[in-house]
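Chemist: So that we are looking at the same thing, I have put the structure below in structure tokens.
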Amino acid sequence: MKSIDSMHSYLLGAFVLSSALALLPAPSLACGEGAFNTGKGLAYQGYLAPRPATVLIYSAPGSTTSSADRDALYAGLKKAGHTLTVVSDADGLTSALHDHHFDVVITSLDTADALNAATASAADKPHLLPVAARSERDSPELHSRYKEFLVDGASLGLYLKTINSMVATNVR
Numbered sequence: 001m002k003s004i005d006s007m008h009s010y011l012l013g014a015f016v017l018s019s020a021l022a023l024l025p026a027p028s029l030a031c032g033e034g035a036f037n038t039g040k041g042l043a044y045q046g047y048l049a050p051r052p053a054t055v056l057i058y059s060a061p062g063s064t065t066s067s068a069d070r071d072a073l074y075a076g077l078k079k080a081g082h083t084l085t086v087v088s089d090a091d092g093l094t095s096a097l098h099d100h101h102f103d104v105v106i107t108s109l110d111t112a113d114a115l116n117a118a119t120a121s122a123a124d125k126p127h128l129l130p131v132a133a134r135s136e137r138d139s140p141e142l143h144s145r146y147k148e149f150l151v152d153g154a155s156l157g158l159y160l161k162t163i164n165s166m167v168a169t170n171v172r
């Protein structure tokens, strides 16, 4: 009888313990949060633009960016949800601006003024995002002429952040 009583109390204790453990709160994840191992950091999984934009990229023939970097940028912008049109000559630029509406136009700094003049009469003028050479990034003139600009070789994240802020705040 003693062994049955001890077995009974053991089972009752195990039941109470498992019930108590079941009542403990489980770790939960907040929106956008993910679990990761300490010391390993969270790997980049992707980005979905909160405000997908129609983007025109005027890639002038004299660009110093490698084709692999350019292709990676284009793929990243598309993957984020932006619609891209890429033109590489002045005729294609004029045609694209005439035929379609664009939220943002990305171009090199040396062609930004011509592009500003070309879109000055447009009723729904697109945001202009000039890309400056690294040597020009600290130029006071650059900072006074453009509220938003990027430096050649900027990361995909900077492009996405800048496009989002331009579309959100109507910075022109």
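Sequential numbering from 1 applies to the sequence shown in the numbering used here. Ideal Cβ positions, reconstructed from N, Cα and C, are used throughout, including at glycine.
1. Buried or exposed for Thr-107, going by 16 or more other Cβ atoms inside 10 Å?
2. According to DSSP, is Ser-95 part of a helix, a strand, or is it coil?
3. Is Leu-84 closer than 7 angstroms to Leu-77 when the C-beta atoms are compared?
4. Are there 16 or more other CB atoms within 10 angstroms of the CB of Ser-59, so buried, or fewer, so exposed?
5. Report the rounded CA-to-CA distance for Ala-90 versus Ala-118, giving the unit in angstroms.
6. Quick one: complete beta strand (DSSP E) runs, 3+ long, within the stretch 75 to 163?
7. With a threshold of 8 angstroms on Cβ separation, who are the neighbours of Val-55 within its own chain once the five nearest residues in sequence on each side are excluded?
8. Decide if Ala-132 is buried, meaning its Cβ has at least 16 other Cβ atoms within 10 Å, or exposed.
9. Suppose you measure from the CA of Ser-66 to the CA of Asp-152; what does that come to, to the nearest Å?
10. For Thr-169, which of helix, strand or coil comes out of DSSP?
11. Helix, strand or coil: how does DSSP classify Leu-56 here?
12. Could you tell me which of Ala-68, Ala-168, Ala-154, Leu-97 sits nearest to Arg-137, measuring between CA atoms?
13. Going straight from the alpha carbon of Ser-144 to that of Leu-115, what length do you get?
14. Tell me whether the beta-carbon of Ala-75 lies closer than 7 angstroms to the beta-carbon of Val-87.
15. Whole-angstrom Cβ separation of Ala-68 and Ala-49, contact assumed at under 8 angstroms?
Modeler: The relevant details are as follows:
1. Here residue 107 is taken as the residue at index 107 of the sequence shown, counted from 1. By the 10 Å Cβ count, Thr-107 comes out buried.
2. Sequence index remark: in the sequence shown, residue 95 carries index 95 (1-based). In the structure shown, Ser-95 sits in a helix (DSSP, three-state: H, G or I).
3. Mapped onto the sequence shown, residue 77 falls at position 77. Mapped onto the sequence shown, residue 84 falls at position 84. Yes, Cβ-Cβ distance for Leu-77 and Leu-84 is below 7 angstroms.
4. Locating residue 59 in the sequence shown gives position 59, counting from the first residue. Result: buried.
5. Here the question's residue 90 lines up with position 90 in the sequence shown. Here the question's residue 118 lines up with position 118 in the sequence shown. One C-alpha to the other measures close to 11 angstroms.
6. If you keep only unbroken beta strand (DSSP E) runs of at least 3 residues inside the stretch 75 to 163, you get 83 to 87, 104 to 108, 127 to 132.
7. As a position in the sequence shown, residue 55 is number 55, starting the count at 1. Within the same chain, Cβ atoms closer than 8 angstroms to the Cβ of Val-55 are found at Leu-77, His-82, Thr-83, Leu-84, Thr-85, Phe-102, Asp-103, Val-104, Val-105, Ile-106, Ile-163, the five residues on either side in sequence being excluded.
8. Your numbering for residue 132 matches position 132 in the sequence shown. Ala-132 should be labelled buried.
9. Here residue 66 corresponds to residue number 66 of the sequence shown, with the count starting at 1. Here residue 152 corresponds to residue number 152 of the sequence shown, with the count starting at 1. Using only the alpha carbons, I get a separation of about 11 angstroms.
10. Here residue 169 refers to the residue found at position 169 of the sequence shown. In the structure shown, Thr-169 sits in a helix (DSSP, three-state: H, G or I).
11. Indexing the sequence shown from 1 puts residue 56 at position 56. Looking at Leu-56 - three-state DSSP - the assignment turns out to be strand.
12. Along the sequence shown, one-based indexing puts residue 137 at 137. It is Ala-154 whose Cα lies nearest to the Cα of Arg-137.
13. For the purposes of this step, residue 144 is identified with residue 144 of the sequence shown, where counting begins at 1. For the purposes of this step, residue 115 is identified with residue 115 of the sequence shown, where counting begins at 1. Their backbone Cα atoms lie some 18 angstroms apart in a straight line.
14. What you label residue 75 is simply residue 75 of the sequence shown in a count that begins at 1. What you label residue 87 is simply residue 87 of the sequence shown in a count that begins at 1. Contact: no.
15. As a position in the sequence shown, residue 68 is number 68, starting the count at 1. As a position in the sequence shown, residue 49 is number 49, starting the count at 1. A Cβ-Cβ separation of about 23 angstroms leaves Ala-68 out of contact with Ala-49 under the 8 angstroms criterion.
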